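Undergrad:
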Ligand SMILES: [Fe+2]
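Numbering (our numbering), first residue to last: 31 to 294.
So, in structure tokens, the structure goes:
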């Protein structure tokens, strides 16, 4: 198993065939994931069952209430599809952390590229919130320590999901809302848990102060030095820890199909 850290040490690419992972391999993969927050694999020939089997090594598979699964048998695989005829932004085209508006957001998300743009187009960007926290001014760290932010499924990013729901929606879409601590401890390191695509306010501070803090945080969290932009190839996999990493799709107007699994 070869491990190659990506630019700025945000994420690491792991060279291994996921069809034949041993217990020890999974242990090592988990270690790299804990250290970097996001990992990548290339050239993986996984059918839906082997994709599910691999994902199960990291916890219980979660349901995504908003979009339909691949099939009845593989309901835990969500198909994220963009057609060249689709209008508007792509699904997830703003920095966010998945399902932050639920009480217990999935810990990990995996994406498998089935039909992808030419390499270098339609990248997924990842922003390390370990780094973002580390580089916060001390004064702000103290200010944020006990604050909670409120996240909503109708937050700024929801427009990108509503487009997808027209075709593949489950009809269960409703407004979910939840608050979470902004500063969280993950693997013994502090991170900023703050989803720009879903945040609607900060609890217990007046609206003006809430707005100022929110603007400051969103700008800080996604500074270029905390971001790695992953170039997709067919059969690439990205897997990240939603408590340590923000992600966003970037604009692409062609056809694209991703298979997504979330893990509780
Ligand atoms: Fe997402």
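Just so it is clear, CB atoms sit at the ideal spot from N, CA and C, and this is done for glycine as well.
No experiment lies behind these values; they were computed from the predicted model shown.
1) Apart from the five residues just before and just after residue 186, which ones in its own chain have a Cβ nearer than 7 angstroms to its Cβ?
2) Report the partner residues of residue 140 according to the DSSP bridge assignment.
3) Our contact map puts residue 252 next to residue 276 with C-beta atoms below 8 angstroms; I'd like the distance itself, whole angstroms only.
4) Taking the straight line between their C-alpha atoms, what separation do you get for residue 352 and residue 262?
5) In the DSSP assignment, find the unbroken alpha helix (DSSP H) run with residue 164 in it and report its ends.
6) In this structure, how does DSSP classify residue 210 when only helix, strand and coil are distinguished?
7) Tell me the residue span of the alpha helix (DSSP H) that contains residue 174.
8) Compute the minimum distance between the beta carbon of residue 122 and the heavy atoms of ligand 1, and state whether it is under 7 angstroms.
9) In whole angstroms, what separates the C-alpha of residue 256 from that of residue 105?
10) Pop quiz: residue 163 and residue 221 are said to be a contact at Cβ under 8 angstroms. What is the actual Cβ separation, rounded to whole angstroms?
11) Quick check on residue 91: does DSSP put it in helix, strand or coil?
12) Below 8 angstroms, how does it come out for the region 226 to 242 and the region 55 to 63: are there three or more Cβ pairs, yes or no?
13) Pull up the CB-CB distance for residue 82 and residue 59, whole angstroms please, since I reckon it's below 8 angstroms.
14) Note down the Cα distance separating residue 94 from residue 108, rounded to an integer number of angstroms.
15) When you compare only the Cα positions, how much space is there between residue 42 and residue 232?
TA: Quick look at the numbers:
1) 124, 227
2) 269, 291
3) 7 angstroms
4) For the chain, the structure presents residues 31 to 294; residue 352 sits outside this window and is missing.
5) 159 to 164
6) strand
7) 168 to 174
8) yes
9) 34 angstroms
10) 5 angstroms
11) strand
12) no
13) At roughly 16 angstroms, the Cβ-Cβ gap does not stay under 8 angstroms, so residue 82 and residue 59 are not in contact.
14) 7 angstroms
15) 33 angstroms
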